[in-house]
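Step one of this worksheet: look at the structure below.
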Amino acid sequence: MPALSARRVRIPTTSFPVEQFTLANGLRVVLAPDRSAPVVAVAVIYDVGIRSEPEGRTGFAHLFEHLMFQGSENLEKLAHFRYVQGSGGTFNGSTHLDYTDYYQFLPSNALERALFLEADRMRRPKITEENLRNQIDVVSEEIRVNVLNRPYGGFPWLKLPPVMFDTFPNAHDGYGSFVDLNAATVADAEDFFTTYYAASNATLALAGDFTVEQATELVQRHFADVPARPRPVRPSFAEPDLTAERRDSYVDERAPLPAFASAWRVPDPITDFDAYLPYVVLAEVLTDGDSSRLVERLVLKDRAVTGIGGYLGFMGEPFEVRDPTALLLSAHLPPGGAIDDVLRTVDEELDRLATDGLAAGELDRTKARIATQLLRDLDPVLGRALRMGTIAQQRGDAALTNELPRLLGEVTEESIVSAAAALRPARRATVEVVPGGAA
Amino acid sequence: MSRPVPALTPARKLKLPRTAERTLANGLTVIAARRPAVPLVELRLRIPFAKTNVARGMLLAETLLSGTSELSNVELSAQLQRIGGHLGASADPDRLLLGGAALTSGLPRLLELLGLVLTDAVYPAGEVAAERDRLADQIQVAKTQPAYLARAALNRRVYGRHPYANQTAEPAQVAAVRPTVLRSLHAERVHPAGSVLVIVGDVPPTKALDAAEAALSSWNGGGKTVELPPVPPIDGGPVLLADRPGSVQSSLRIGLPAVGRTDPDHAALQLANLVFGGYFSSRLVENIREDKGYTYSPRSAIEHSTAGSAIVVSADVATEVTTPALVETWYELGRLASTPVGADELEQARRYGIGTLQLSLATQAGLAGLMSSLAGSGLRLDWLTGHAERMASATTEQVSAVAARYFAPARAATVVLGDAKVVTPSLSAVFPIDDGED
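Chain order of the listed sequences is Z and S. Our numbering puts the first residue of the first sequence at 76, with every later residue one more than the last. Our numbering puts the first residue of the second sequence at 168, with every later residue one more than the last.
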C-alpha cells in the first residue's frame with residue numbers, strides 16, 4: 076500500500092485582487108477582477124435581514140425580497156427576469172438573518188446591463204397591490220413546500236432559535252406566519268424600502284471578467300445618481316447567554332424518526348473574531364467525516380445517530396452572521412433512539428476533548444479540509460462576489476476574505492480545547508423532533 | 168423619465184479549457200481539464216453499473232469507502248482529510264459515480280486512495296451492518312418526502328417494466344444484503360472497462376493523466392459489458408392520482424418523450440423546453456407562478472440517461488388549486504405543441520441557452536460534472552461548440568415542429584401526489600383519473 080506520509084500539508088491561501096471604494100451616496104463597492112473566464116457576477120447586499128423586520132410582520136424581509144423582482148423605476152413586471160436570462164445569465168436573491176442579497180451571474184458582455192438592473196431597483200422597485208398579493212401567494216407555497224408539506228420542515232433553523240432566544244428579533248419565524256404575510260400592505264413595503272434599502276445601507280460586489288477602470292466607470296454611470304438616504308441605525312440584538320439548560324420538543328406528524336438539534340452561544344463573530352474562529356474549527360473537528368470525533372463515536376461506533384452535522388450560524392454561514400449566534404449540532408436518530416443518551420455522549424466527547432486535547436495530526440488535517448472548503452466556496456465568481464460583499468459590509472474590508480485561510484490556520488489547539496470546554500450543558504438549548512408519522 | 172436598458176457588448180467566444188485524454192491499458196479512459204482559479208482538483212469517476220440489483224447497488228455505494236484491507240473507514244477518512252480531500256460514492260441505474268476533491272498538492276495521494284478503494288475495498292461486516300441500518304432509515308425518511316414519492320410514482324408510470332422504473336430499494340431489501348454479496352458485486356462490476364475518470368483543476372492536463380496512470384494502472388480490467396434495453400415509449404392516458412392524506416400541497420409531475428444529446432432534434436428540443444418551462448422567463452413560470460401564484464417553483468427539464476431521455480415537468484401547488492394548476496400546465500403543453508413559437512421568445516431562450524454554456528464552464532466542480540455527464544453520452548467538451556452553433560441556427564419552424572412532436576399532451580404521463588379525498592372531485596371533473604387501484 077502507499078506509504079502513509081507524515082509530511083505536513085501546506086495550506087494555500089488566496090490572493091484574489093480586491094479594489095474597494097464608496098460612492099457619494101454611500102454605496103460601498105467591491106471589485107474583484109478575474110479574467111480567467113468570460114463571466115461576471117454582480118451582487119447587491121442590503122444590510123437588513125430577518126432580525127430587522129417589524130413585530131407583527133414576520134416573514135416581511137423575505138416577502139420584500141420577492142417584491143424586488145416585480146418591476147422597478149424603468150422596468151415592468153417580468154422584465155428583470157427576461158433581461159437577465161435573455162443575456163445568457165442567471166439570477167436569484169436570498170434572505171438571511173443579517174442581510175438580504177440579490178445576484179446575477181452572466182457572460183461578461185452583459186455586465187453593464189446587470190448594473191443597470193440593480194441600480195434601477197435600488198432607486199425604486201415598482202410595488203403594486205396586485206404584485207404584492209401574487210407574491211404573498213408564491214411565498215405561501217414556498218413555505219408549504221419547504222416547511223409544512225414535508226418531514227423535518229424548517230428543522231432546525233426555524234425550530235431552535237425560539238428555544239434559545241427570548242427577544243422578537245432572534246426568536247421569531249423568519250419565513251413568517253400566514254396571518255402576518257396576508258396582513259402586509261403596499262405601504263409597509265414602501266416604508267421598508269425607504270428605511271432599509273438606502274444606497275448607504277448596501278454593498279455592491281463585482282467579481283469576474285472586467286478591469287477595475289472599466290467596472291469603476293460603469294458603476295459610477297449607473298449608481299452615482301441613486302438618491303442618498305441616511306443609513307438606518309442598526310439596533311443591538313444582544314441577549315444574555317443561557318445560564319440553565321433549555322429543552323423543548325414538538326411533534327412532527329410527517330417525520331418517521333426522532334431528531335434533535337442543540338446549540339451553544341459563541342463569541343461575537345465580528346468584534347471578537349479571534350475568539351470565534353476556534354469554534355469554526357471545533358465544529359469540523361466534531362463532525363467532518365468518518366474520522367471526526369462525533370461521527371466516529373456516535374455514527375460508526377455507538378450507532379446512536381444515523382447522521383450528525385455541526386456548524387456555525389443558524390443558516391450555516393459562519394462568515395456572514397453577526398452576534399448573537401451559535402455553534403449547532405444537528406442529528407437524526409434511528410427508530411426508538413434516545414436523545415438523552417446521545418446528549419450525554421456529546422458531553423462526554425466534549426469533556427474528553429477539553430481534558431485530553433487533540434490527537435496528533437488531528438488539527439492539521441481538519442484545517443486542510445476547512446481550507447479546501449473555503450477555496451471551493453470562492454472558485455465560482457458568484458461565491459466570491461457574495462462572500463466579499465458580505466464581509467465588506469459586516470467587517471468593513473472585503474480583503475479579509477483572502478485572510479480567512481491564514482487566520483483559520485493560526486487557530487491553536489489550546490483555543491479549541493477552551494472552546495470545547497465552554498460547551499457546557501447549562502449553556503445549551505435543545506429542540507427535539509418527536510416523530511408523529513410512525514409508531 | 169425612462170432610461171434605456173444598456174445593450175450587450177459583443178460576446179466573447181465560447182472558451183473551452185485545455186484538455187487531454189488517455190485510455191489506459193486496462194480500459195480506463197482519463198480526461199483532464201485545466202481550470203486554475205483555485206489550487207484545488209476535482210475528480211469524477213463513472214463506472215458502468217447497469218442492471219445491478221437496486222438494494223445491492225445502493226449499499227455498495229454506501230460502503231465502498233468503509234475500509235480496505237489495511238485502512239479502516241476512520242483511517243481512510245483521516246488520510247483524505249490530510250490533503251483537504253473527500254471522496255463519495257453514489258449509484259443509479261446507469262452508473263456508479265465516485266466524486267471527490269482535494270488540494271492540488273494532494274492529487275497523487277487522492278488518486279492513490281481512490282485506487283486503493285477500487286482494488287481493495289473489503290466491505291467489513293460491522294460497517295456493512297451499520298450502513299444497512301442507516302440506509303434503511305434514510306429510505307424510510309425519503310418515503311415521507313413528497314418530492315421523492317411523486318418522482319417514484321412518475322418513474323413507475325413512465326418506465327413500466329424497465330429498470331429505470333424502480334430506482335430505490337425497500338428497507339427490507341437493503342436489510343437482506345450481506346457483505347459477501349457486496350464483495351462479489353464489486354469483483355464483478357467495479358472495473359475500468361467503459362469507465363471514465365475526469366480530473367479538473369489547477370494542474371497541467373498531461374500531468375493529471377500521468378498521475379492517474381501511475382495510481383490506477385493496476386486496477387483490474389476484467390469487467391464485462393452490460394447494457395440496458397432502450398426505454399419504452401411514453402404513453403399518455405389517465406392522470407395517476409397518488410394519495411398522500413393530509414398533504415397541504417399537490418405535487419404535479421409530467422413525463423414527456425425526449426431525445427439524447429446526439430439526436431438531430433436535440434438543440435431545437437432544448438430551446439422548446441426553455442420556452443415551455445426550462446427557465447424562469449418561461450411560459451409555465453409566468454403563467455402559474457407570476458400570474459396566478461399557484462406555486463413557488465414550477466419547472467421543466469430534459470433528463471438524459473443512457474437508455475433514453477425524458478422531459479420532466481414539475482410543480483408543487485396549493486391543494487385547493489390542484490385542478491386549475493394542472494389545467495394551466497396542460498394548456499401550456501397544448502399551446503406549445505399546436506401554435507408557432509414566437510420569434511422574440513425563441514430569441515430570448517436561444518441567448519439563455521448559449522450564454523449559460525459559458526457559465527457552466529466557469530468552476531472546477533461545474534466543469535467536472537459537465538465533462539462527466541457528457542462522457543455518459545459518449546461526448547467530450549468540444550461538443551459544446553457544435554451545440555452552441557445548432558442552438559444559434561435553429562429556426563422558429565424547427566422549434567415549433569419539435570415542440571409539436573415532443574410536447575403533445577396526448578403523450579404526457581401525468582402524476583398527481585396529494586390528498587386524494589380533497590382533490591378527486593374537481594380533478595375527476597376535468598381529467599380521466601387512475602387512482603392506482605387495480
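Using N, Cα and C, we set each Cβ at its ideal position, and we do this for glycine too. Keep in mind that this is a model prediction, so the values were computed, not measured.
Note that the segment 437-446 of chain Z touches the segment 480-495 of chain Z; at least 3 beta-carbon pairs, one per stretch, sit closer than 8 angstroms. In this structure, DSSP gives residue 248(Z) a state outside helix and strand, which the three-state scheme calls coil. Annotation: residue 290(S) has no Cβ neighbours in chain Z at a cutoff of 9 angstroms; minimum Cβ distance is about 15 angstroms.
Using a Cβ distance threshold of 7 angstroms, residue 161(Z) and residue 182(Z) do not count as a contacting pair. With contacts defined as CB atoms closer than 7 angstroms, residue 251(S) and residue 358(Z) fail to qualify as a contacting pair.
Leaving aside the five residues that flank residue 142(Z) on each side, the residues in its chain whose CB is nearer than 8 angstroms to its CB run, in chain order, 200, 202, 206, 207, 210, 264. When only Cα atoms are considered, residue 322(Z) and residue 383(S) end up about 52 angstroms apart. At a cut-off of 7 angstroms between C-beta atoms, residue 245(Z) does not count as an interface residue with respect to chain S.
For residue 335(Z), there is no enclosing alpha helix (DSSP H); the enclosing beta strand (DSSP E) has its first and last residue at 334-340.
Of the residues assessed, residue 489(S) falls on the buried side of the cut-off, its CB having 16 or more other CB atoms within 10 angstroms. DSSP places residue 433(S) in the helix class (H, G or I) of the three-state scheme.
With the criterion set as a beta carbon lying under 9 angstroms from some beta carbon of chain Z, the members of the segment 173-185 of chain S are 173, 174, 175, 176, 177, 178, 179, 180, 181, 182, 184, in sequence order. Pairing residue 170(S) with residue 173(Z), the inter-Cα distance amounts to about 32 angstroms. If you draw a straight line from the Cα of residue 402(S) to the Cα of residue 476(S), it is about 14 angstroms long. The DSSP-derived three-state label of residue 199(Z) is coil.
Between the alpha carbons of residue 574(S) and residue 416(S) lies a gap of roughly 25 angstroms. Relative to the Cα of residue 311(Z), the nearest Cα in the group 229(Z), 242(Z), 472(Z) belongs to 242(Z). When 9 angstroms is used as the limit between beta carbons, residue 289(Z) is near no residue of chain S, the shortest such separation being about 10 angstroms. Beyond the five residues adjoining it in sequence on each side, residue 179(Z) comes within less than 6 angstroms, by CB distance, of 117, 159, 164, 166, 189 in the same chain, given in chain order. Taking a beta-carbon distance threshold of 7 angstroms, residue 344(S) does not count as an interface residue toward chain Z. With a contact defined as Cβ atoms closer than 8 angstroms, residue 215(S) and residue 393(S) qualify at about 7 angstroms.
Around the beta carbon of residue 495(Z), 16 or more other beta carbons lie within 10 angstroms, which makes this residue buried. Around the Cβ of residue 469(Z), a 10 Å sphere holds 16 or more other Cβ atoms; the residue is buried. The beta carbons of residue 400(S) and residue 497(S) sit no closer together than 7 angstroms.
The C-beta of residue 454(Z) comes closer than 7 angstroms to at least one C-beta of chain S. Residue contact with chain Z for residue 551(S): absent (no Cβ-Cβ distance below 7 angstroms to any residue of chain Z). Residue contact check for residue 258(Z) against chain S: no CB pair falls below 7 angstroms. Within chain Z, no C-beta atom comes nearer than 9 angstroms to that of residue 493(S); the closest sits roughly 15 angstroms away. When CB distances to chain Z are screened at a threshold of 9 angstroms, the residues of the segment 223-244 of chain S falling below it are 232, 233, 235, 236, 237, 238, 239, 240, 241, 242, 243, 244, in chain order. Straight across, the Cα-Cα distance linking residue 196(Z) with residue 154(Z) is about 12 angstroms.
Ranked by Cα distance from residue 502(Z), the first of 424(Z), 401(Z), 450(Z), 433(Z) is 401(Z).
Residue state for residue 243(Z) is assigned as helix, using DSSP reduced to three classes.
Cα atoms of residue 327(S) and residue 339(S): separation of roughly 22 angstroms, rounded to the nearest angstrom.
In the structure shown, residue 145(Z) adopts coil according to DSSP, grouped into three states. Chain-order list of chain Z residues neighbouring residue 526(S): 114, 163, 164, 165, 180, 181, 182, by C-beta distance under 8 angstroms. Think of a sphere of 7 angstroms around the beta carbon of residue 224(Z): the chain S residues whose beta carbon falls inside it are 313, 414, 415, 416, in chain order.
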